[in-house]
């Protein structure tokens, strides 16, 4: 089987090297197929067209990118990788470990990426000293998205602590509005729990438990308290939340059916698409008790080990991706913030400006953490085991926080 | 078996014909079917049985995101074993196999019962049978994805049945199985039965039409009531149809994956998973190819445990 794969790979390689001249085309696999995302990607397309490179789109629809990753695996296994592919976190490192990625170090040093890109992101774009991916953006997860009209109606103010948050949710409940819009899918529940843990245990604790997977921290009373806090939040969710998509939960906030959603800043794209303005229609706060820290995930363009004649196109793509103009233009549309800290924030709205400032502060202060729920805290096996436990807790298969902590330790240990 | 014995019988008579042309033609006749079948046979051998062996091999390795060919022993099976017998509260694997038992049993029994009942009712020479038959059969033409999505909307308390009845004034009506971890697997049964029972009805109807009317008339003359007639004569005569229907339903139950994904996307906290969902998740999404392969092997063994005795009994009947 392996021989066959190698044979097909060789065949494919010779087929490509048969043309000696450079291929003026980039092939890009991604799952940004929704309207806003496609528009954002268009910016890159035009930038590359200016340099004379054609764009060959390989879109594989599906929000989480599962289908895209399956398609990518097949392409790479067949020895025919795309020039680049949208990838997340540990997936990049998996492919790099398997020796499938290219090397962009020269370009990276020439362009000064190593200084501009936050160190936390470099953990995923640099493998074994070599640049293997170009980060496109930084999303952060510890946000509250609040409907301003509802907030005014119930007379709420920005919650600074977890207890404030509970008080605020109680006010909404008393006013007959669904306090918390939650989508009952495991990644959404775990994304919210990321923030709860950071709020309950503080930055040190989050890093220890969810980035270093320290067993003492995972077993600790602080983790139990985090689960208790999650159980409190669950009380404010409408009974029909199970299985709801994240954008439907966002829509509840947009329409004023619900007060608040805890979600990554991609939710801002939905507000934007609905024609809402930050400050007047909706409010963005950091999850109470997590101000100053940023839990991030990031989209990366993984750069594959392509034949020699496609390298020039790949380098052009990487340069264009990390250019300040693209980083700004793209992230204004996408709702995220630039992956380099030296991009001016002039084009961004209030929430975007706050996001950029927070990222810079967190990067300088060492409080920038990979989101475990989004696959930036630990490899996929661990991240999924974590999502399982959180989801089972939210849906009642696990009933006490003691049990949840035991399960979490066991599941993470199993998956390691 | 039958094929080889026939060719063996032909061979002496072919070599007895001395002229060369004749024997060439005879040879060709003998070989032609084999030559024509060879490519599809080879493809099947490689892509089905070859990959089964490959999967079995992978299940004994430490494969993560990509196949890894160093054997590391039955670690994956040990994990599945532990997840089956030593996990409390239930692991995803335990949930998957208990769901399989619930879903498989109910799906098969209800489909058979409902299919038989519909077939018997339709067999009463009623008017408009030509119209009713395709109406019941039509769900089978839909893919499981469509069935899943349609039922998802229908069963969603905020959208479908419950919401509608509330709007009509029956506000005490309550039906939220699709959001309930303990009952969600039964909604999968409902959608699955809706899809397949029409097809089973068609199978039974064909079986009923194939029954010798002389036997029915004779028993009617002997004074059998309709109930006795069906219970003692007709249903026992349908035994071969039961067996075929059982096999079709059993393998549909074991392979069903898309229905769960479309209907509940795994259910609250993964409580609607079937083993095929487990296999896909672990192999392709969680980068645990070895565990995924091991679960696939266990699924194959489960199917074999049903199919092999059936094939054995069928073949034994033929040779008798």
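Protein chains in written order, with the numbering used here: chain F, 38 to 453; chain V, 55 to 374.
Ideal Cβ placement from N, Cα and C applies to all residues, glycine included.
Values in this document were obtained by computation on a predicted structure and should not be read as measured data.
Checklist entry - If you pair each beta-carbon of the stretch 325-344 of chain V with each one of the stretch 415-433 of chain F, do three or more pairs fall below 8 Å? => result Taking 8 Å as the limit for Cβ pairs, the verdict is that the stretch 415-433 of chain F does touch the stretch 325-344 of chain V.
Item to check | Environment of residue 155(V) [buried if 16+ CB atoms lie within 10 Å] | outcome: With fewer than 16 other Cβ atoms within 10 Å, it is exposed.
Item to check | Own chain residues within Cβ distance below 6 Å of residue 64(V), not counting five before or after | outcome: Model confidence at residue 64(V) stands at a pLDDT of 48, short of 50, so the residue's coordinates are unreliable; what they give is reported in the following sentence. For residue 64(V), where only same-chain residues beyond five positions count, there are no Cβ hits under 6 Å.
Checklist entry - Between the stretch 153-165 of chain F and the stretch 436-446 of chain F, do at least 3 Cβ pairs fall closer than 8 Å? => result Under the 8 Å Cβ criterion, the stretch 153-165 of chain F does not count as touching the stretch 436-446 of chain F, having fewer than three qualifying pairs.
Item to check | Range of the contiguous alpha helix (DSSP H) that encloses residue 178(F) | outcome: Counting along the chain, residue 178(F) falls outside any alpha helix (DSSP H), and DSSP gives it neither H nor E.
Item to check | Ranges of the alpha helix (DSSP H) found wholly within the stretch 291-321 of chain F, counting only runs of at least 4 | outcome: The qualifying runs are 304-310.
Item to check | Enclosing beta strand (DSSP E) for residue 275(V) [first to last residue] | outcome: Not the beta strand (DSSP E): residue 275(V) falls in the alpha helix (DSSP H), residues 267-275.
Item to check | Closer than 9 Å at the beta carbon, the chain V residues around residue 221(F) | outcome: Per Cβ cutoff of 9 Å: 233, 322, 323.
Next on the checklist: Taking 8 Å as the limit between beta carbons, can you name the residues of its chain near residue 381(V), skipping five residues before and five after?
Outcome noted: There is simply no residue 381(V) to check, as chain V begins at 55 and stops at 374 in what is shown.
Checklist entry - To which residues does DSSP link residue 407(F) through a beta bridge? => result As DSSP reads the structure, residue 407(F) sits in a beta bridge with 333(F).
Item to check | residue 342(F) to residue 69(F) span [Cα, whole Å] | outcome: So the alpha carbons of these two residues sit roughly 23 Å apart.
Item to check | Inside the stretch 180-268 of chain F only - alpha helix (DSSP H) runs reaching at least 4 residues | outcome: 185-191, 199-211, 223-243, 252-256, all fully within the stretch 180-268 of chain F.
Checklist entry - Of all the residues that make up the stretch 289-322 of chain V, which are near chain F by a beta-carbon distance shorter than 7 Å? => result Listed in sequence order: 318, 319, 322.
Item to check | DSSP bridge partner residues for residue 123(F) (one or two, in chain order) | outcome: In DSSP, residue 123(F) forms a bridge with 338(F).
Item to check | Element boundaries [alpha helix (DSSP H), containing residue 145(F)] | outcome: Per DSSP, residue 145(F) belongs to the alpha helix (DSSP H) from 142-148.
Checklist entry - For residue 334(F) and chain V, any beta-carbon pair shorter than 7 Å? => result False, the Cβ-Cβ gap to chain V never drops below 7 Å.
Checklist entry - Does any CB atom of chain V fall closer than 7 Å to the CB of residue 443(F)? => result Taking Cβ atoms only, chain V never reaches closer than 7 Å to residue 443(F), which makes this a no.
Next on the checklist: Using 8 Å for Cβ pairs, my map puts residue 318(F) next to residue 185(F). What's the rounded Cβ distance?
Outcome noted: Their Cβ separation, rounded to whole angstroms, is 6 Å, which keeps residue 318(F) and residue 185(F) in contact under 8 Å.
Checklist entry - Which runs of the alpha helix (DSSP H) spanning at least 4 residues fall entirely within the stretch 166-193 of chain V, listed in chain order? => result DSSP assignment within the stretch 166-193 of chain V yields the following whole alpha helix (DSSP H) runs of 4 residues or more, N-terminal first: 183-191.
Checklist entry - Run through DSSP, which three-state label would residue 222(V) get? => result DSSP places residue 222(V) in the coil class of the three-state scheme, outside both helix and strand.
Item to check | From 170(F), 89(F), 330(F), residue whose alpha carbon lies closest to that of residue 61(F) | outcome: Taking the Cα of residue 61(F) as reference, the smallest distance to any Cα among 170(F), 89(F), 330(F) is reached at 89(F).
Checklist entry - Can you find at least 3 beta carbon pairs, one from the stretch 375-390 of chain F and one from the stretch 123-142 of chain F, that sit closer than 8 Å? => result Too few Cβ pairs lie closer than 8 Å, so no.
Next on the checklist: Output needed for residue 229(V): all residues of its chain with C-beta closer than 8 Å, excluding positions within five of it in sequence on either side, in chain order.
Outcome noted: Contacts found: 209, 211, 215, 216.
Item to check | Alpha-carbon to alpha-carbon, residue 167(F) and residue 83(F) | outcome: Residue 83(F) and residue 167(F) have their C-alpha atoms roughly 28 Å apart.
Item to check | When 300(V), 94(V), 218(V), 183(V) are compared against residue 365(V), the one with the closest alpha-carbon | outcome: Of the candidates 300(V), 94(V), 218(V), 183(V), the one whose C-alpha sits nearest the C-alpha of residue 365(V) is 300(V).
Next on the checklist: Could you compute how far the alpha carbon of residue 111(V) sits from the alpha carbon of residue 262(V)?
Outcome noted: Spanning the two alpha carbons is a distance of roughly 47 Å.
Next on the checklist: Tell me which residues share the same chain as residue 280(V) and place their Cβ nearer than 7 Å to its Cβ, disregarding the 5 neighbours each side in the sequence.
Outcome noted: Once the five neighbours on either side are set aside, residue 280(V) has no close Cβ partner at all.
Checklist entry - In chain F, what lies closer than 9 Å to residue 338(V) by C-beta? => result The answer, in chain order, is 103, 106, 107, 110.
Item to check | Where the alpha helix (DSSP H) through residue 213(V) begins and ends | outcome: Here residue 213(V) belongs to no alpha helix (DSSP H), and DSSP marks it neither H nor E.
Next on the checklist: If contact is defined by three or more beta carbon pairs under 8 Å, each pair taking one atom from either stretch, is the stretch 337-351 of chain F in contact with the stretch 273-287 of chain F?
Outcome noted: Counting Cβ pairs under 8 Å, fewer than three are found: no touch.
Item to check | Rounded straight-line distance, which links the Cα of residue 150(V) to that of residue 268(V) | outcome: The alpha-carbon of residue 268(V) is positioned some 49 Å away from that of residue 150(V).
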